[in-house]
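Q:
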Amino acid sequence: MSAFTVTNTKQRLSIKAQVLATLCAIVSAVALPQIIHWLGRVSGLGTLPGEVFLPMHLPIMLVGLLAGPYAASVAGLLGPAVSFALSGMPTAATLPFMMIELCAYGLVAGLLRICRMPTTLKVLIVQLAGRGARAVAVLLAVYAFSNTAVSPTSIYTSIVTGLFGMILQLVLLPLICHRVEHMMQHER
2 MSAFTVTNTK
12 QRLSIKAQVL
22 ATLCAIVSAV
32 ALPQIIHWLG
42 RVSGLGTLPG
52 EVFLPMHLPI
62 MLVGLLAGPY
72 AASVAGLLGP
82 AVSFALSGMP
92 TAATLPFMMI
102 ELCAYGLVAG
112 LLRICRMPTT
122 LKVLIVQLAG
132 RGARAVAVLL
142 AVYAFSNTAV
152 SPTSIYTSIV
162 TGLFGMILQL
172 VLLPLICHRV
182 EHMMQHER
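For the working numbering, add 1 to where a residue sits in the sequence shown, where the first one is 1.
#1: Give the C-beta separation of L103 and M167 to the nearest angstrom, bearing in mind that I take them to be a contact with Cβ-Cβ under 8 Å.
#2: List the whole-angstrom C-beta distance separating A73 from A26, where the pair is believed to meet the contact cut-off of C-beta under 8 Å.
#3: Going by beta-carbon coordinates alone, are V124 and L174 separated by less than 8 Å?
#4: Where does N59 land, buried or exposed, given buried means 16+ other C-beta within 10 angstroms?
#5: Looking only at its chain, what residues have a beta carbon closer than 8 Å to the beta carbon of P81, apart from the 5 residues adjacent to it on each side?
#6: Run the CB neighbour count on A150, radius 10 Å, all protein chains shown included, and call it buried at 16 or more, exposed below.
#7: In whole angstroms, give me the CA-to-CA distance for L21 and L171.
#8: With a Cβ-Cβ cutoff of 8 Å, do P69 and R135 count as a contact?
#9: Since I believe Y106 is in contact with G131 (beta carbons under 8 Å), could you give me their beta-carbon distance rounded to a whole number of angstroms?
#10: Quick check: what's the CA-CA separation for A145 versus P153?
#11: By how many angstroms is the C-alpha of A93 removed from the C-alpha of L79?
What follows is the structure, given as structure tokens:
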């Protein structure tokens, strides 16, 4: 059997569990950035810690890897929207791009949930897919719709600024997934 085959050894979560996972991811995608942005304000760094640590991305990717594509896609779309409604962040100019990026993270992470491959590789694929979706959305907005609120250079800037957060995701997500899956096996 190939290391990249799809397997059905992971149980499909009930609708109730998926809804709960979605809600937890949305709450986390709103709360974590607020904590990070608060730390940025009190330290005088402003929004930089949020751009570096990428706190909204973690819960969306995690719910995808643990609960599947439906829960994570919905959380990826709604997390930034709820955060914007409550706090004004992300900014109105970046909101649609964050929603597209996080939805892509959730969808791809959820689809990879049942694939047999190292979780670190799954996270890397998810990162590439999400950043790729955001890049396509930015390029379409700029060149097809003449949007001047964003710039193509924001694609490169967000990757460079968020590199530490992406490395953090590559380290933390496999550890968290392993721990949660280990706990779930012992509950059965």
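Think of the CB as a built atom: it goes at the ideal place given N, C-alpha and C, for glycine as much as any other residue.
A: Looking at the coordinates:
#1: At roughly 14 Å, the Cβ-Cβ gap does not stay under 8 Å, so L103 and M167 are not in contact.
#2: 7 Å
#3: yes
#4: The sequence as given places Leu at residue 59; Asn does not occur at that position. So L59 counts as buried.
#5: A30, M57, P91, L96, M99, M100, L103
#6: exposed
#7: 25 Å
#8: What sits at residue 69 in the sequence shown is Gly, not Pro. No.
#9: 4 Å
#10: 12 Å
#11: 14 Å
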